[in-house]
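Accompanying notes for the structure given below.
Protein chains in written order, with the numbering used here: chain X, 1 to 334; chain A, 1 to 260.
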């Protein structure tokens, strides 16, 4: 509970509306070993759930930084968030299973890579933690990934908005069936996706997502979905279902390994976030239907950039307190 | 030879009698609870430590020449202090210092500020007071906290005070009568779990006359205890349970909202 003195005191603007409830019920988190406001956490879960339902993203990349801003030890935030994503991705995947939009074979391949990556990630997590650099690496990874994705999303959606205002848009043909990815050996046929593809890039993408799940507490959909569409050329109708399939198992596995290795999964915290998250997601999905796709993506892009700048600012600004203390009885960051 | 023995026994007798007045002053003490339960609604707690000064010197007692100082200590732990330095534009934990046997909780309760009660040469050997912590002679038999003056030991004290884990609060102890005293100990929400040692010191003229010890436990109870023990003793099982809870929640949400 001590690792993040620099984050003291400020809740994100996003939570401004629910901070009125600050005096309300507090709940003691058994693993984070701190007393928190249940309504604020529930509200955080619901807000992020709303956004993830609206934009069709997992939300882990927003939730973990929010938990850190709320002074949850980063180690606990990351591991607990993996647990929450199991719930949200399972809820989302059920619909895809019913519609049959999951390529199980491709999902299993991504999953094998994911399990290897997650195991590696938990190991890296433990070593960074004992070296006292975990919080820093989590922040840097977030700044890099959120910065890249936020910029791409904003540019892409602004372009789309501009194009939609012109009458006829010259559609750029997707070149690249002859790309290097498709020249790799160990090819396997994926019937559902109508692909004949090397397992190497599939395993590699799965592995990267697994590492990120363990270190950043994200599902990794924001990497996997574009990678599947643009690199592997998986048909868009099976992309979401297949990536959710992989995410359920990778985050589930990560939760178990984090709990067994680092004892940083707080089931009470996770449960509050899950309940808020799945409820928020339903309303978000409904709201998402009423807004235009490009405008939604532009909004999300700006939001992602905002979180990125906030985290980046904390890395470069001279901290009020240069020292931090971690005791062997604390949970935070050691 | 006989002379020598009688001389020694005489000396012992004299020493014995001269010790008697010192021990004639003693302290009785009790803690209002044996156990502080930490449940899901735990947001800190206040407990009361009470006791009495017992002395033959009634006149001194009524003049208020005695002072009681109470120290509450949590279980010792190893602590690492890290200092951030700017490297390549970003602030990175660089230098660090490790300390052994730092009390996980440390609170001094007294009626008056410690420096009005005694000088540091009386307080340092018994580690009484935040500034006097870690200045006692190291004990060879067990881990002892040694805090050499410097930026890391300053930071340790400062941070633990900010986190409300170290406190030195004059005015928390009240004399209800010349002999009876009562002290209020407030435990913050982040108080460490475990056995806490309570030591009371009786002072007169800046010297420690006697001490007394007691203790209480801070324990997680009910669901919190069960979850904590499960997570720490059987992390694998706890993780599997966490995943099952998540799957159930995801399924339930899907089932409920699909009907609507």
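Where a beta carbon is used, it is the ideal one built from N, C-alpha and C, also for glycine. All figures in this text were calculated on a predicted structure; none of them were measured in a lab.
- In the three-state scheme derived from DSSP, where H, G and I count as helix and E and B as strand, residue 28 of chain X is classed as strand.
- By the criterion of a C-beta distance shorter than 8 angstroms, residue 48 of chain A is surrounded in its chain by 31, 32, 182, 183, 184, 185, once the five residues flanking it on both sides are discounted.
- For residue 319 of chain X, the secondary structure class from DSSP, reduced to helix, strand or coil, is coil.
- Contact of residue 145 of chain A with chain X is not assigned, every C-beta pair being separated by 8 angstroms or more.
- Taking a Cβ-Cβ threshold of 9 angstroms, the residues of chain X close to residue 228 of chain A are 30, 31, 33, in chain order.
- Rounded to the nearest whole angstrom, the C-alpha separation of residue 245 of chain X and residue 207 of chain X is 15 angstroms.
- Within the DSSP bridge table, the entry for residue 103 of chain A names A:76 as partners.
- Within the segment 55-66 of chain A, contact with chain X at the beta-carbon level (separation under 9 angstroms) is assigned to no residue.
- Excluding sequence positions up to five before and after residue 221 of chain A, its CB lies within less than 7 angstroms of the CB of 37, 38, 39, all in the same chain and listed in chain order.
- The C-alpha of residue 146 of chain A is placed about 45 angstroms away from the C-alpha of residue 115 of chain X.
- Put simply, of A:157, A:83, A:190, A:177 the residue whose alpha carbon is nearest the alpha carbon of residue 129 of chain A is A:157.
- Exclusion of the five residues before and after residue 210 of chain X leaves 113, 114, 115, 116, 117, 118, 121, 250 as the residues of its chain whose Cβ lies within less than 7 angstroms of its Cβ.
- The criterion of a C-beta distance shorter than 8 angstroms is satisfied by residue 53 of chain A and residue 179 of chain A.
- The alpha carbon of residue 106 of chain A has as its nearest neighbour, out of A:207, A:257, A:119, A:191, the alpha carbon of A:191.
- Beta-bridge partners assigned by DSSP to residue 35 of chain X: X:28.
- Between residue 156 of chain X and the set X:265, X:298, X:317, X:139, the nearest pair of CA atoms involves X:298.
- For residue 189 of chain A, a Cβ of chain X is located within less than 8 angstroms of the residue's own Cβ.
- A residue is called buried when at least 16 other Cβ atoms come within 10 angstroms of its Cβ; residue 242 of chain X meets this threshold and is buried.
- Taking C-beta atoms as the reference points, residue 45 of chain X and residue 329 of chain X fail to come closer than 8 angstroms.
- Out of X:182, X:74, X:63, the CA that lies nearest to the CA of residue 85 of chain X is found in X:63.
- At a cut-off of 8 angstroms between beta-carbon atoms, residue 132 of chain X makes contact with chain A.
- The contact set of residue 77 of chain X on chain A, defined by CB atoms closer than 8 angstroms, is empty, because the minimum CB distance reaches about 15 angstroms.
- Around the beta carbon of residue 279 of chain X, a 10 Å sphere encloses 16 or more other beta carbons of the protein chains shown; the residue is thus reported as buried.
- Chain order gives no chain X residues near residue 133 of chain A, where near means a beta carbon separation below 7 angstroms; the closest approach is about 14 angstroms.
- By the neighbour-count criterion, in which a residue is buried when 16 or more other Cβ atoms sit within 10 angstroms of its Cβ, residue 258 of chain X is buried.
- Assigned with DSSP and collapsed to three states, residue 238 of chain A falls in helix.
- Within chain X, the residues placing a beta-carbon under 8 angstroms from that of residue 83 of chain A are 322, 323, ordered along the chain.
- The beta carbon of residue 74 of chain A lies closer than 6 angstroms to those of 103, 104, 105, 192, 196 in the same chain, with the five residues before and after it left out.
- When only Cα atoms are considered, residue 79 of chain A and residue 327 of chain X end up about 4 angstroms apart.
- Within chain A, no C-beta atom comes less than 9 angstroms from the C-beta of residue 154 of chain X; the nearest is roughly 24 angstroms away.
- By the neighbour-count definition (other C-beta atoms within 10 Å, threshold 16), residue 31 of chain X is a buried residue.
- For residue 74 of chain X, no beta strand (DSSP E) segment is defined; the enclosing uninterrupted segment is the alpha helix (DSSP H) at 74-99.
- Chain X has a Cβ within less than 8 angstroms of the Cβ of residue 41 of chain A.
- Residue 270 of chain X has a beta carbon lying within less than 8 angstroms of a beta carbon in chain A.
- Within the segment 218-290 of chain X, complete alpha helix (DSSP H) segments of at least 4 residues are found at 221-226, 236-262, 267-288, given in chain order.
- In this structure, the CA atom of residue 159 of chain X is about 17 angstroms from the CA atom of residue 226 of chain X.
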